[in-house]
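Below is one structure; the comments refer to it alone.
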Ligand code: GDP
Ligand code: ZN
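In my numbering, the protein residues as written are 15 to 414.
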């Protein structure tokens, strides 16, 4: 990683370093202000956005906050900095991996040591996270402050558009707090009929999301992609390898005419190694396209594992959540308990078999993660399953 250091004297401060061009939003001031109230000692620190996390090293962009509200006593630090670390105090108070900065985070830094030191994280507007492989109850944030998540699929007739994967991804998107856009790429390879069917399925699975069918190759429908995100917003592409994420990123890079300040082209273009390198690198990074759109890319996001709470699960299956309210037992698992409205709907045909199966699969996976993440929950869960099997035995007895 390059250890770039710039000071105001060296850097032509232009559009490339306005807070807004790095995703600063009006409501970030409120977050900053709240932090100042809570920790008055942070008054002399200044906001920066995390662009890269590489183990304990961070790369930061420090936009120019001079003349902005709340920027009073803080010294100006402007530029890109590699090799930044969290302060000792920060490390000491962090309770787990989720408390450490992630790409996309706004942090407060001090610049006394030359290289900025990370002192605090501004509250996250949204966060994409997952359980870390092999560890218990450790949530790791992969991307923070994402405005739009693009769930990318390919209509190439193979297994690249599977409703089950869409449903799983929707849960994650839903839990993150970011808006969601479902992209059905490679529409050029599908017949009109296949395309309509896929669109229809996706819209039914994601009634609250933006759904577009397009082709990165022919350019058809690309306006649907660029309409979903604007310059200064942060996006994130999620999808299996080969569905066309790189192609779509390049399309987004050209979708908006860049504003003045062409020094940003140097760092703004998607460099070949940004795209190719991601197959080998383990780091997550936030980068800016020529169009001013910000993107966060991380191998962990692309190979996504499910992580979230039941609320998100129910959000992805609104029709089942609605039915579940009429089940006799509040904690009905819809697997044969008496008075289950979900099973009734299934039998009457009002609920789709495949939706029900997908829900159960996800619910089990979810329960597994929750169980794993909390010992007490595990005991409670065991208890519950004991009760269920007892109940089932009783039901069987009754039937005899
Ligand atoms: P990624 O792994 O998701 O980043 O996928 P890539 O962007 O590398 O694309 C994988 C392959 O699909 C490449 O050979 C692309 O040229 C091709 N591809 C991408 N988008 C389209 C499309 O809309 N139509 C067709 N026919 N091929 C595409
Ligand atoms: Zn039920």
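C-beta atoms are modelled at their ideal positions from N, C-alpha and C, and glycine is treated no differently.
- Per the DSSP secondary-structure output, residue 61 pairs in a beta bridge with 122.
- By alpha-carbon distance to residue 50, the top candidate from 84, 75 and 360 is 84.
- Residue 222 sits in coil when the DSSP states are folded into three classes, being neither helix nor strand.
- In the DSSP assignment, residue 300 falls outside any alpha helix (DSSP H) and lies within the beta strand (DSSP E) extending over 298-302.
- Here the alpha carbon of residue 188 sits roughly 31 Å from the alpha carbon of residue 123.
- Here residue 181 is buried. Its C-beta has 16 or more other C-beta atoms within 10 Å.
- Residue 259 is classed as buried because its beta carbon has at least 16 other beta carbons within 10 Å across all chains shown.
- Taking a cut-off of 8 Å on C-beta distances, the stretch 56-71 touches the stretch 101-120, as three or more cross pairs fall below it.
- Inter-residue distance for residue 244 and residue 267 is about 11 Å (C-alpha atoms, whole angstroms).
- Counting C-beta pairs with one atom in each stretch, the stretch 127-145 and the stretch 156-169 have three or more that are closer than 8 Å, which means they touch.
- Residue 104 places its beta carbon less than 9 Å from that of residue 134.
- Between the ligand ZN and the CB of residue 338, the shortest heavy atom gap is smaller than 8 Å.
- Near the ligand ZN, residues with a Cβ at less than 5 Å from any of the ligand's heavy atoms are 341, 346, 348, 354 and 356; the list follows chain order.
- The alpha-carbon of residue 227 is positioned some 22 Å away from that of residue 311.
- Every unbroken stretch of the alpha helix (DSSP H) spanning 4 or more residues and falling wholly within the stretch 131-219 is given here in chain order: 177-190 and 206-219.
- Secondary structure note for residue 128: it is in no beta strand (DSSP E), with a DSSP letter that is neither H nor E.
- Of the heavy atoms belonging to the ligand GDP, none sits nearer than 8 Å to the Cβ of residue 205.
- DSSP places residue 67 within a strand segment (E or B) once states are collapsed to three.
- In this structure residue 219 does not touch residue 169 by the C-beta definition: roughly 15 Å separates them, more than the 8 Å allowed.
- Counted as a single uninterrupted DSSP element, the alpha helix (DSSP H) harbouring residue 238 occupies residues 236-240.
- Here residue 228 carries a coil assignment [DSSP, helix/strand/coil].
- For residue 98, there is no enclosing alpha helix (DSSP H); the enclosing beta strand (DSSP E) covers residues 93-100.
- The residue among 223, 221 and 239 with its C-alpha nearest the C-alpha of residue 229 is 239.
- Looking from the CA of residue 225, the closest CA among 255, 206, 196 and 308 belongs to 196.
- For residue 311, the enclosing beta strand (DSSP E) starts and ends at 308-311.
- Proximity of the beta carbon of residue 171 to the ligand GDP is not indicated: no heavy atom of the ligand is located closer than 8 Å.
- In this structure, residue 193 keeps its C-beta atom at 9 Å or more from the C-beta atom of residue 265.
- Assignment of residue 75 by DSSP, reduced to helix, strand and coil, places it in the strand class.
- Sequence-distant partners of residue 204 (beyond 5 residues in either direction) whose C-beta falls short of 6 Å from its own C-beta, in its chain, are 169.
- For residue 262, the Cβ falls inside the 8 Å cut-off from some heavy atom of the ligand GDP.
- The nearest non-hydrogen atom of the ligand GDP is less than 8 Å from the C-beta of residue 199.
- Excluding sequence positions up to five before and after residue 246, its CB lies within less than 7 Å of the CB of 34, 35, 37 and 306, all in the same chain and listed in chain order.
- When secondary structure is reduced to three states using DSSP, residue 248 falls in the strand class.
- By the Cβ neighbour-count rule, residue 52 is exposed, with fewer than 16 other Cβ atoms within 10 Å of its own.
- Taken through DSSP and simplified to helix, strand or coil, residue 84 comes out as coil.
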